[in-house]
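Heads up: the protein sequence lines correspond to chains A and B, in order.
1 is the number of the first residue of the first sequence in the UniProt record's numbering; add one for each residue after it.
1 is the number of the first residue of the second sequence in the UniProt record's numbering; add one for each residue after it.
2 protein chains.
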Amino acid sequence: MSVNLHDSAYELEKALRNSDEYKTLKRLYDEVNADPSSNQLFEKFRNMQLQMQQKQMMGQDISQEEIAQAQIIVTDVQKNEKISKLMDAEQRMSMIVQELNQIIVKPLEELYGSVEK
Amino acid sequence: MSVNLHDSAYELEKALRNSDEYKTLKRLYDEVNADPSSNQLFEKFRNMQLQMQQKQMMGQDISQEEIAQAQIIVTDVQKNEKISKLMDAEQRMSMIVQELNQIIVKPLEELYGSVEK
Ligand SMILES: [Ca+2]
Ligand SMILES: [Ca+2]
């Protein structure tokens, strides 16, 4: 990869790291991490999400009991202000990363567009 | 999104567009596009790939006949120097985009790492 590409990527990395959105996200993560009960609930939620995704990918059935348990966790998460705020910030960051990607890969899209014609 | 983030993303987009790798990729695309028989074969190959992917995603069987037809297309593609060169350049570009992404999202990975602990 050219030096210019590398340098530009690191500039963007730095801009992301210094953005208000990243700083907010980091603060909210730290707050969840610093609170044992929120941290535990958040990990439970993440594990549940991962298990559900894996079952779906492998075409396995999700039982009524699992659905009921998941709903309890989701309700607990929604009631937890620290986690709710963190998840909102995660979603905003995820949209920013998507927007950045759309900008960066535009030259490639133009290329594919011209070949598809 | 902050102005700084936007500007940095556009700088990277420009660096990508001006990179030797992108210019090579564009030239090879244009060469395939300008040659009717290569262009037609390349589109046939792309459509075949897409169909196979869709069947796999939907859990549909791929027949022996489809496999045989796919193998003929792949052999034709491998024998076509214009397309082979283009596909090599595409692979290099795909690796570059992956590397760029790894650099950019490093701040986020650090965050997730600290929460997983
Ligand atoms: Ca074409
Ligand atoms: Ca933790």
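We put the beta carbon where it would ideally sit given N, CA and C, even for glycine.
The structure displayed is predicted, hence computed values, not measured ones.
Between which two residues does the alpha helix (DSSP H) containing A/D88 stretch?
Position 88 of the first sequence, counted from the first residue, corresponds to residue 88 of chain A. It spans E81 to I104 - the alpha helix (DSSP H) in which A/D88 sits, taken as one unbroken run.
Against A/L111, what residues of chain E qualify as contacts under a CB-to-CB distance less than 7 Å, listed in chain order?
Protein chains A and B are contained in the structure displayed, whereas chain E is not.
Between B/K14 and B/Q102, what straight-line distance do the alpha-carbon atoms span, to the nearest angstrom?
Looking up residue 14 of chain B in the second sequence gives position 14. Looking up residue 102 of chain B in the second sequence gives position 102. Whole-angstrom Cα-Cα distance: 19 Å.
Is A/N47 buried or exposed, if buried means 16 or more other CB atoms sit within 10 Å of its CB?
As a working note, residue 47 of chain A is residue 47 in the first sequence. Flag for A/N47 reads exposed.
Return the chain-ordered list of same chain residues with a C-beta closer than 8 Å to the C-beta of B/L111, the five sequence neighbours on each side being excluded.
Within the second sequence, residue 111 of chain B is the residue found at index 111, counting from 1. Same-chain partners within the cutoff: there are none.
So with CB distances below 7 Å, who are the chain A contacts of B/P107?
By 1-based counting over the second sequence, the position of residue 107 of chain B is 107. Correct list: E13, L16, R17 and Y22.
Beta-carbon contacts of A/D35 that lie in its chain and below 8 Å, excluding the five residues immediately before and after:
As a working note, residue 35 of chain A is residue 35 in the first sequence. Counting only Cβ-Cβ distances below 8 Å, and skipping sequence neighbours, we find K82.
Backbone CA spacing between B/V74 and B/T24 [nearest angstrom]:
As a first step, residue 74 of chain B is located in the second sequence; it is residue number 74 there, counting from the start. As a first step, residue 24 of chain B is located in the second sequence; it is residue number 24 there, counting from the start. So the two alpha carbons sit approximately 23 Å from each other.
Is the beta carbon of B/L12 sitting closer than 9 Å to the one on A/Y22?
Within the second sequence, the letter at position 12 stands for residue 12 of chain B. Within the first sequence, the letter at position 22 stands for residue 22 of chain A. No. Outside cutoff.
Count the other CB atoms within 10 Å of the CB of B/V3; is the residue buried (16 or more) or exposed (fewer)?
Within the second sequence, residue 3 of chain B is the residue found at index 3, counting from 1. Flag for B/V3 reads exposed.
Would you mind telling me which residues of chain B sit closer than 7 Å to A/N47, beta carbon to beta carbon, in chain order?
As a working mapping, residue 47 of chain A is identified with position 47 in the first sequence. What A/N47 touches in chain B: nothing, since even the nearest Cβ is about 11 Å away.
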